[in-house]
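If you're matching them up, the sequences are chains Z and D in order.
Sequential numbering of the first sequence, starting at 1, is according to the UniProt record's numbering.
Sequential numbering of the second sequence, starting at 1, is according to the UniProt record's numbering.
For reference, the structure is listed below as structure tokens.
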Amino acid sequence: MSVTEAPDSVGSAAAQPAPATDRARAERRLGWYLAGPAFVVMLLVTAYPIAQAFYESLFKFRLTDPDAREFNWLNNYLVVLSDGVWWQAVGVTVLITVITVAIEAILGFALALVMHRALTTLRPILRTAILVPYAIITVVSAFAWFYAFDINSGFVNSWFGWLPGISENTNWFGEFGTSVTVIIASEIWKTTPFISLLLLAGLAQVPEELQEAAKVDGATWWQRMYKVTIPNMKAAIMVALLFRTLDAFRIFDNVFIMTQGANDTEVVSFLAYRQTISRLEIGLGSAVSVLLFLCVVLISFLFIKLFKVDLASARGER
Amino acid sequence: MDEGQLSRGTKAWWWVAGVVVIVYALFPVAWIVSLSFKTASDLGTGQFLPTTWVWDNYDNILRGDAQDLFLSSLRNSIGISLIATFISVVLATFAAYAIARLDFPGKRLILTTALAVAIFPVISIVTPLFNLWRNIGLYDTWPGLIIPYLSLTLPISIWTLSAFFRQIPWELEQAAQVDGATTWQAFRKVIVPLATPGVFTTAIISFFIAWNDFVYGISLTSTDAARPVPAALAFFTGASQFEEPTGPIAAAAVVVTIPVVVLVLLFQRRIVSGLTQGAVKG
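Now the structure itself:
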């Protein structure tokens, strides 16, 4: 994010940074009085806990046995990183994230195109409909998809029994591949609207004249898409992908409701939850939490460096 | 696009595309609604619709066995989400005003922090809070959830509101100052009325996020005292140990979805602009 410069800031103060006039100083103080509380609260609810998590991750500590608490350096990290359970969880999380985001990008783009070009009579209806999955509780979405595929209460088996591999007795939650498929389906249904709304806003920024010019030059629909539309909304696409990737990487609700991590579907967030809340292994759980946090930092870093995601332009700051 | 020029065939295709989108968005909702009207014996038929429509499941969660679990969690969810939304919108309104209108060092720091907090993995906050809350008595209380909920609602509120506030014609504020109003008066009398729609939209989005939370709800509560709806849904049990709680869960899911759908129906245009302005200039 670039600091917004002169045209947007209060004239005199920005024009002459030093020496600060009384008015500029008063404004600066007021700025921090107004924004300070929000800033402090944000730090208190995140920076402090993650620091605490890091501290606790250095101890061998189980709540059921508090007397045995002892400092053991980075040993918890060694335990976690040398355990197949962690790498399995990372693998599943990455798998779910990559598939989900890839499908959502395409589906979200298609939805955005339909909404962008839809007839004026249809547009408000579509926008309302598309907001429903966004606004619904993830747990509710998870239950809806779970019960649809569930062998006892579902309709999927009887509706799609004619497809090869699906019968009355297909137990979707009995093995890895099918469980993950349903988890991904629920995740995609629930979060594609968000991505499509961001892309829709991006589409609206593509200058119509460019499209017209390309049309006059005889460009096909695909050519216009690749040469005009997509390059002109690259910032919106990247921001949408970044947000969704990070969000998908934290996946928890769907897994908790549908499989509780059974059949190797345990994701990283669920592993941290299980260590801390179920097994009361505060030390190990904290280590997993810190590692998850580092993964998220790494992903953001990669996005910003590799894809040059420019959050400033995306925020509308020139 | 000039719609007058569209041929009948093209128009028909747009309607088809529109219907596909609507079915996509509403089908799982229709399924959970249908499920909530099924009798226990009707669950295993493999059919989408119930053979007989009954209100039993709603009766169960609102007046019957499951009412303690459901109604208390509903109360918790509404109360906790509203308070968390209120606090974060108030804090964010002041912060966003400062970011959009005042010149002070640290603007960039605050926005970057909001972004960093927004992408923070929730479970990483839960682990330390779980232990801390137990020690200081906040475990399984309303404040014990309201405080961490701020990590969800505050960043998006700051982000969305500062985008809204940037669009307010701030010459009006200057005009008020020329007329003798102080900075504070200019804020209160001129900007606040202009900003109200943005604040309101931010509150709705923030409420959705708090209402949706599951990780905090399930990790930091243990009883009816503070457990919110999403967590309670995961704890529903059938009338007997041989009976799946499918029907009551579906009915409870429908009940908690209704307010969300109503808000969306009433304010869809505002919500869309709020969601997109925060991230992309719309």
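For every residue, glycine included, the Cβ atom is placed at its ideal position computed from N, Cα and C.
Between D:Ile271 and D:Thr201, the C-beta spacing is below 8 Å. Unbroken alpha helix (DSSP H) runs of no fewer than 4 residues, entirely contained in the stretch 116–204 of chain D, are found at 122–136, 142–166, 171–178, 183–186, following chain order.
In this structure, Z:Leu30 keeps its C-beta atom at 8 Å or more from the C-beta atom of D:Leu233. At a beta-carbon threshold of 9 Å, the residues of chain Z lying near D:Lys11 are Leu119, ordered along the chain. A residue is called buried when at least 16 other Cβ atoms come within 10 angstroms of its Cβ; Z:Phe307 does not meet this threshold and is exposed.
Along the stretch 125–136 of chain D, the positions whose C-beta sits under 9 Å from a C-beta of chain Z are Ile125, Val126, Thr127, Pro128, Leu129, Phe130, Asn131, Leu132, Arg134, read in chain order.
Residue environment analysis places D:Gly137 among the exposed positions, since fewer than 16 neighbouring C-beta atoms fall within 10 angstroms of its C-beta. Residue pairing for Z:Phe59: DSSP places it in a beta bridge opposite Z:Phe71. By the C-beta density criterion, Z:Phe71 is exposed, having fewer than 16 other C-beta atoms within 10 angstroms. Taken atom to atom, the span from the alpha-carbon of Z:Ala262 to that of Z:Gly177 is near 12 Å.
As for any beta strand (DSSP E) of minimum length 3 sitting wholly inside the stretch 61–123 of chain D, there is none. When CB distances to chain Z are screened at a threshold of 7 Å, the residues of the stretch 83–100 of chain D falling below it are Leu91, Ala92, Phe94, Ala95, Tyr97, Ala98, Ile99, in chain order.
Proximity of chain Z to D:Phe208 at the Cβ level (cut-off 7 Å) is accounted for by Ala135, in chain order.
It is roughly 45 Å from the alpha-carbon of D:Leu82 to the alpha-carbon of Z:Ile166. Of all residues in the stretch 22–43 of chain Z, only Ala24, Ala26, Glu27, Arg28, Arg29, Leu30, Gly31, Trp32, Tyr33, Leu34, Ala35, Gly36, Pro37, Ala38, Phe39, Val41, Met42, Leu43 come within less than 9 Å of chain D when Cβ atoms are compared, listed by chain position. With 16 or more other CB atoms across the displayed protein chains lying within 10 angstroms of its CB, D:Leu145 is buried.
Interface residue (Cβ-Cβ distance to chain D less than 8 Å): Z:Pro49 is classified as such. Taking 8 Å as the CB threshold, D:Ser219 lines the interface with chain Z. Distance from the CA atom of Z:Thr100 to the CA atom of D:Val29, rounded to whole angstroms, is 21 Å.
Rounded to whole angstroms, the separation of the alpha carbons of D:Lys38 and D:Ala25 is 22 Å. Here D:Gly46 carries a coil assignment [DSSP, helix/strand/coil].
In chain order, Thr127 make up the part of chain D whose C-beta sits under 7 Å from the C-beta of Z:Gly285. Put simply, of Z:Gly161, Z:Thr229, Z:Asp253, Z:Thr220 the residue whose alpha carbon is nearest the alpha carbon of Z:Lys190 is Z:Asp253. A Cβ of chain D is located within less than 8 Å of the beta carbon of Z:Asp253. In the displayed model, D:Lys38 falls within coil according to three-state DSSP, outside both helix and strand.
D:Val256 is not a Cβ neighbour of D:Val215, given a cutoff of 8 Å. From the beta-carbon of Z:Leu298, no residue of chain D is found nearer than 7 Å; the closest lies around 12 Å away. Annotated three-state conformation of Z:Asn254 is helix, per DSSP. In the DSSP assignment, D:Leu220 falls outside any alpha helix (DSSP H), carrying neither H nor E. One finds Pro124, Arg127, Thr128, Leu131 in chain Z with Cβ atoms closer than 8 Å to the Cβ of D:Gln268, taken in chain order. Between Z:Glu27 and Z:Gly283, the beta carbon gap of about 48 Å keeps them out of contact (Cβ cut-off 8 Å). One finds Trp31, Gly46, Gln47, Phe48 in chain D with Cβ atoms closer than 8 Å to the Cβ of Z:Phe155, taken in chain order. Going by C-alpha positions, D:Arg188 is about 10 Å away from D:Leu194. Excluding residues up to 5 positions away in sequence, Asn57, Asn60, Ile61, Ala66, Phe236 lie with their Cβ nearer than 7 Å to the Cβ of D:Pro248 in the same chain. DSSP places Z:Ala213 inside the alpha helix (DSSP H), whose first and last residues are 208–216. For D:Thr202, no CB of chain Z lies under 8 Å from its own CB, so it is not counted at the interface with that chain.
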